[in-house]
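Take a look at the structure set out below.
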DNA sequence: TTATTGTGTTGACGCACATCAAGGAAAAAT
DNA sequence: ATTTTTCCTTGATGTGCGTCAACACAATAA
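Residue numbers (our numbering), protein chains in the order written: chain A, 1 to 249; chain B, 250 to 498.
If you want it as structure tokens, here you go:
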């Protein structure tokens with residue numbers, strides 16, 4: 001099946017909805033590290049698809065403390081992120097990345113009657129709920145070393161298709177800390193400790209390999225899993241673009 | 250509009266789906282404190298509606314550490330909770346409570362074509378995603394005192410309809426700790442400190458009032474909010490039962 | 001009545017993690 | 001090339017919170 005392309009931006013249209021362009025307002029953003037897309041506060045319905053690079057789903061408190069609630073890449077879809085005046089929420093580029101924004105606000109009424117669309121929206125939301133719930137448990141009940149080990153393992157799984165086995169982190173130490181509820185110095189200290197224990201091997205501050213995944217997992221009371229973030233070969237091909245996956249009938 | 254009642258259990262049927270009984274397998278469980286309903290691991294689709302009392306959404310790790318990811322009561326609906334072999338997930342009664350279980354597994358295929366049903370399922374899931382995300386941020390970035398203050402404030406908002414202003418906690422100190430990622434002794438110590446500061450007034454270990462909600466909120470970098478848990482008068486009437494709310498067309 | 005059990009409080013103590021600070025290495029800017 | 005900036009690492013230090021233990025109190029059982 002040949003995917004249709006958008007005549008304007010030459011990107012593939014959503015495969016689960018044949019004519020998504022007419023009903024969604026589509027925009028493509030190229031963001032540099034640190035740039036943001038803010039979640040809206042009204043009842044709008046925007047999707048963001050991370051087509052290239054890595055982006056973080058962030059929230060912050062009034063005093064500036066930041067928490068990253070999700071790390072998204074190649075084809076991951078953020079569905080209906082909302083913000084409140086006091087609890088802003090946004091998508092932040094971790095490296096140079098391309099985000100496709102689909103705005104279904106105007107088409108929302110019609111789409112509610114489209115079972116395929118609703119099913120896909122439900123699937124995306126439910127999957128993310130599962131991931132956030134697990135993340136929540138780790139912040140509540142794992143100590144800092146366990147959190148970092150889990151993070152390294154999860155990123156390794158998401159990078160598995162790069163068969164040299166090298167994980168190229170898109171995140172700074174502070175990003176990792178904000179994801180894990182720690183601070184950057186603690187993350188750095190734990191990494192050096194894990195290096196000495198030969199649980200991870202660093203080629204550079206942002207490139208590592210896991211010599212023995214099973215050994216890593218034995219240090220954890222939870223399995224290392226990345227449901228909903230299964231890696232796809234094409235994610236790691238530069239310049240590749242993505243579309244919403246066809247939903248399983 | 251008169252709500253239909255189930256001839257078997259004399260409970261109201263879901264108002265958004267006229268004939269929910271024929272398509273869902275319905276069961277009502279009366280649970281004593283500590284009893285559980287386990288989430289299934291296959292692709293089944295079960296809803297739990299907390300009709301009376303309080304229940305906690307729990308997960309645990311292999312070594313027994315428990316994390317509570319949600320506290321639910323009068324009419325709150327848990328939609329599609331799933332578990333994995335290594336990360337069990339369950340609903341646990343905090344006091345004597347009544348849970349209505351709707352099993353849509355067999356009807357799932359048909360219901361996917363029902364936009365009202367899908368819309369309601371999406372709304373429930375998305376709302377819970379919002380709540381879990383905020384909860385995650387508090388575990389990652391608030392210190393223990395802030396977490397306890399936020400908890401006291403949120404419970405007070407959920408109890409607002411009891412106009413004597415008294416909050417009757419259904420949770421033990423350990424339950425609170427498992428919700429906040431702390432331990433029971435720490436929670437107890439923080440509560441006595443807050444008592445001395447007159448931020449909260451305890452009538453008994455499980456009954457309190459908030460003399461000055463604004464003062465409480467000034468101690469936090471986040472607003473105290475309970476979206477999706479807006480209190481309803483009938484929640485606090487003993488023996489009252491609930492049904493899924495009619496969705497906003 | 002006297003045990004018993006569950007729950008909450010408080011104290012002593014230690015460690016894990018945050019904070020503050022300094023220095024190095026790499027990248028970007030000039 | 002030189003400066004500037006960003007990022008990472010490491011050390012010194014303090015404290016927030018967990019752990020272990022003892023005890024009070026209420027509810028239930030024997």
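Backbone N, C-alpha and C fix where the C-beta goes; we use that ideal spot for every residue, glycine too. In this text the structure is predicted, and so the values were computed from the model without any measurement.
- Residue 319(B) sits in a strand when the DSSP states are folded into three classes.
- According to DSSP, residue 60(A) shares a beta bridge with 66(A).
- Interface criterion not met: the Cβ of residue 226(A) is under 7 angstroms from no Cβ in chain B.
- For the C-beta of residue 189(A), not a single chain B residue is nearer than 8 angstroms; the gap to the nearest is close to 18 angstroms.
- Under the Cβ criterion of 7 angstroms, residue 430(B) is counted among the residues facing chain A.
- Listed in chain order, the beta strand (DSSP E) elements of length 3 or more contained wholly in the region 111–140 of chain A amount to none.
- Those residues of the region 133–150 of chain A placed with their C-beta closer than 7 angstroms to a C-beta in chain B are 133, 134, 135, 136, 137, 139, 140 and 141, ordered along the chain.
- In the assembly as shown, residue 313(B) is an exposed residue. Its beta-carbon has fewer than 16 other beta-carbons within 10 Å.
- When C-alpha distances from residue 326(B) are compared across 348(B), 381(B), 408(B) and 448(B), the shortest belongs to 348(B).
- When the Cα atoms are used, residue 149(A) and residue 201(A) turn out to be separated by approximately 13 angstroms.
- Residue 96(A) places its beta carbon less than 7 angstroms from that of residue 32(A).
- According to DSSP, residue pairing for residue 207(A) in a beta bridge involves 168(A) and 204(A).
- Around the Cβ of residue 67(A), a 10 Å sphere holds 16 or more other Cβ atoms; the residue is buried.
- Here residue 389(B) is buried, its C-beta having at least 16 other C-beta atoms within 10 Å.
- Your pair residue 478(B) and residue 407(B) checks out as a contact, with CB atoms roughly 5 angstroms apart and the cut at 8 angstroms.
- Assignment of residue 154(A) by DSSP, reduced to helix, strand and coil, places it in the helix class.
- Counted as a single uninterrupted DSSP element, the beta strand (DSSP E) harbouring residue 326(B) occupies residues 326–328.
- Boundaries for residue 107(A): no alpha helix (DSSP H) harbours it, and the DSSP string shows neither H nor E there.
- Close partners of residue 122(A) in chain B (Cβ separation under 8 angstroms): 367, 370, 371 and 374.
- Contact annotation for residue 61(A) against chain B: 390, 470 and 471 [CB-CB distance below 7 angstroms, chain order].
- Contact between the region 450–460 of chain B and the region 415–435 of chain B is established, with three or more Cβ pairs separated by less than 8 angstroms.
- Taking the Cα of residue 430(B) as reference, the smallest distance to any Cα among 417(B), 352(B), 291(B) and 394(B) is reached at 394(B).
- By the criterion of a C-beta distance shorter than 6 angstroms, residue 298(B) is surrounded in its chain by 326 and 349, once the five residues flanking it on both sides are discounted.
- Look at residue 292(B): its C-beta is not under 7 angstroms from any C-beta on chain A.
- Residues are counted here when their Cβ sits less than 7 angstroms from a Cβ of chain A; for the region 314–341 of chain B these are 314, 316, 318, 329, 331, 335 and 336, given in chain order.
- With a beta-carbon spacing of about 4 angstroms, residue 296(B) and residue 351(B) fall inside the 8 angstroms limit used to define contacts.
- The residue among 417(B), 343(B), 400(B) and 428(B) with its C-alpha nearest the C-alpha of residue 462(B) is 400(B).
- Within its own chain, the residues whose Cβ lies closer than 8 angstroms to the Cβ of residue 464(B), once the five positions on either side in sequence are excluded, are 448, listed in chain order.
- Contact of residue 364(B) with chain A is assigned, a C-beta pair being separated by under 7 angstroms.
- The beta carbon of residue 403(B) sits no closer than 7 angstroms to any beta carbon of chain A.
- Residue 298(B): member of the beta strand (DSSP E) spanning 295–301, first to last residue.
- Collapsing the DSSP output to three states places residue 304(B) in a strand.
- With distances taken between CA atoms, residue 109(A) lies nearest to 365(B) out of 353(B), 359(B), 355(B) and 365(B).
- Here DSSP, grouped into helix, strand and coil, assigns residue 286(B) to strand.
- Non-local C-beta neighbours of residue 79(A) in its own chain, meaning closer than 8 angstroms and more than five positions away in sequence, comprise 47, 121, 124, 125 and 128, ordered along the chain.
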